[in-house]
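Trainee: Going by the numbering used here, the first residue of the sequence shown is number 1396, and it counts up by one from there.
By construction, the Cβ of each residue, glycine as well, lies at the ideal position given by its N, Cα and C atoms.
Got a structure for you, questions after.
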Amino acid sequence: LANKETLVTAGHIVMAEAEKHGVTVFPIDSEHSAIYQCLAGNRREDAERLLLTASGGPFRGKKYHELTDVTAEQALMHPNWNMGNKITIDSATLMNKGLEVIEARWLFGFTPDRIRVLIHPQSIIHSMVEFRDGSVMAQLGQPDMRIPIQLALTWPERCSNDFPKLDMTKCGPLTFEDPDTETFRCLRLAYDALETGGTMPAVLNGANEAAVKLFLEGKIGFCDIPRSIEEAMMKHEVNTSPGLDDIIEADRWAKRLVGEMACT
């Protein structure tokens, strides 16, 4: 699965269908691929929590007031990964990590309180699993999406390739810190949407897509992205047991609302 938004908005539907048909959903996101590998060969009940790593994006260490005049060009300068415009902006706001928290909940069945985000600026450790005995397993590698993509296609086999290999003597210190959810509110909003459930994650995702598009078009500011999402979430009447049509409508509603707010 390469599309995280599918699980963010309709994880309960997708995973129920996967279980019904006896298939495994194998993730391509580097973080979820890392968790999948760390869990492999271990009993799921022995895993205490998931540790999702995030680079922190181009504005790591900045405070909210320093981001009010950020341009799209600045936000698109990711320090480690070469990605498309939308996901790069999501990385700058930490919404990408928020979406990955929701994705992890559905892929691995962990409740939100057992999924922790850690800022890891070097992007060498792609994620970790903490077990009940206190041990932590991590998957390391170059920040190169070809590796998890290849693994998804060949699992459980591992095939040789000519990709650059990780030299532990040259990657320097590996550091970790807690995310600043006061400055990067999108991560907190994602946890809130996951806790609420129902159609709220679809509203989160739809509002974010609309807000990022408006930001890239120069119609709203960088700090208007979380503001728009929060407004949409506050105005939404949650459907707690949504079907696919309900999810699609919630997505459309959120995008329409954010567009209307930008025009006022």
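#1: Apply the 10 Å Cβ neighbour rule to Thr1649 and answer buried if 16 or more other Cβ atoms are within range, or exposed otherwise.
#2: Please report the straight-line C-alpha distance between Glu1525 and Arg1541, rounded to a whole angstrom.
#3: Tell me which residues share the same chain as Asn1603 and place their Cβ nearer than 6 Å to its Cβ, disregarding the 5 neighbours each side in the sequence.
#4: Assuming Phe1571 contacts Ile1519 (C-beta within less than 8 Å), just tell me the rounded distance between them.
#5: So does the region 1420-1432 actually touch the region 1494-1502, counting three or more Cβ pairs closer than 8 Å?
#6: Could you check whether the region 1430-1450 touches the region 1585-1597, counting it as contact only if at least three pairs of C-beta atoms, one from each stretch, sit closer than 8 Å?
#7: Assuming Ala1487 contacts Ala1470 (C-beta within less than 8 Å), just tell me the rounded distance between them.
#8: Rounding to the nearest angstrom, what Cα-Cα distance links Leu1434 and Ala1442 in this structure?
#9: Taking contact to mean at least 3 C-beta pairs separated by less than 8 Å, is the region 1449-1469 in contact with the region 1612-1631?
#10: Per DSSP, Glu1525 is paired with what?
#11: In the DSSP assignment, what are the bridge partners of Ala1645?
#12: Can you look up Ile1520 in the DSSP assignment and give me helix, strand or coil?
#13: Going by C-alpha to C-alpha distance, which of Gly1479, Leu1445, Ile1497, Met1523 sits closest to Leu1582?
#14: Can you tell me which of Ile1643, Leu1589, Leu1546, Lys1565 puts its alpha carbon nearest to the alpha carbon of Glu1495?
#15: Give, in chain order, every unbroken run of the alpha helix (DSSP H) that is at least 4 residues long and sits entirely within the region 1406-1473.
#16: Sort out for me which residues DSSP pairs Leu1513 with in a bridge.
#17: Taking only three categories from DSSP, how would you classify Glu1577?
#18: Does DSSP put Glu1572 in a helix, in a strand, or in coil?
#19: So Lys1492 and Val1512 are in contact, right, with Cβ under 8 Å, and what is the actual spacing, rounded?
#20: Measure the alpha-carbon distance for His1473 versus Lys1608 and round it to whole angstroms.
#21: According to DSSP, is Trp1550 part of a helix, a strand, or is it coil?
#22: Out of Gln1517, Val1598, Ser1636, Lys1565, which has the shortest C-alpha to C-alpha gap to Arg1630?
#23: Rounded to the nearest angstrom, what separates Gln1545 and Gly1638 at their Cα positions?
#24: Is Ile1510 close to chain E, meaning its C-beta is less than 7 Å from at least one C-beta of that chain?
#25: Taking 7 Å as the limit between beta carbons, can you name the residues of its chain near Thr1635, skipping five residues before and five after?
Mentor: So, from the listed chains and residues:
#1: Note that residue 1649 corresponds to Ala in the displayed sequence, not to Thr. That one is buried.
#2: Their backbone Cα atoms lie some 26 Å apart in a straight line.
#3: Excluding residues within five positions, the ones whose Cβ falls inside 6 Å are Met1490, Ile1624.
#4: Contact check for Phe1571 and Ile1519: beta-carbon distance about 11 Å, past the 8 Å limit, so the pair fails to qualify.
#5: Touching, per the Cβ criterion.
#6: They do not touch, by the three-pair rule.
#7: Confirmed, Cβ separation roughly 4 Å.
#8: Those two C-alpha atoms are separated by around 8 Å.
#9: Here the region 1449-1469 lies against the region 1612-1631, with 3 or more beta-carbon pairs under 8 Å apart.
#10: Partner(s): Arg1444, Val1531.
#11: Residue pairing of Ala1645 in beta bridges, as defined by DSSP: absent, with no partner found.
#12: Note: Ile1520 maps to strand in three-state DSSP.
#13: The candidate whose alpha carbon is nearest that of Leu1582 is Ile1497.
#14: With distances taken between CA atoms, Glu1495 lies nearest to Leu1589 out of Ile1643, Leu1589, Leu1546, Lys1565.
#15: Every unbroken stretch of the alpha helix (DSSP H) spanning 4 or more residues and falling wholly within the region 1406-1473 is given here in chain order: 1425-1434, 1467-1470.
#16: For Leu1513, DSSP records a beta bridge to Thr1448.
#17: Here Glu1577 sits in coil by DSSP.
#18: Note: Glu1572 maps to strand in three-state DSSP.
#19: So it is a contact: roughly 5 Å between Cβ atoms.
#20: The alpha-carbon atoms of His1473 and Lys1608 are separated by roughly 18 Å.
#21: Reduced to three states, the DSSP call for Trp1550 is coil.
#22: Residue identity check: residue 1630 is Lys in the sequence provided, not Arg. Comparing Cα positions, the closest option is Val1598.
#23: Roughly 33 Å between the two C-alpha positions.
#24: Given the protein chain composition of this structure (a single chain), no chain E is represented.
#25: So the qualifying residues of the chain are Gly1592, Gly1593.
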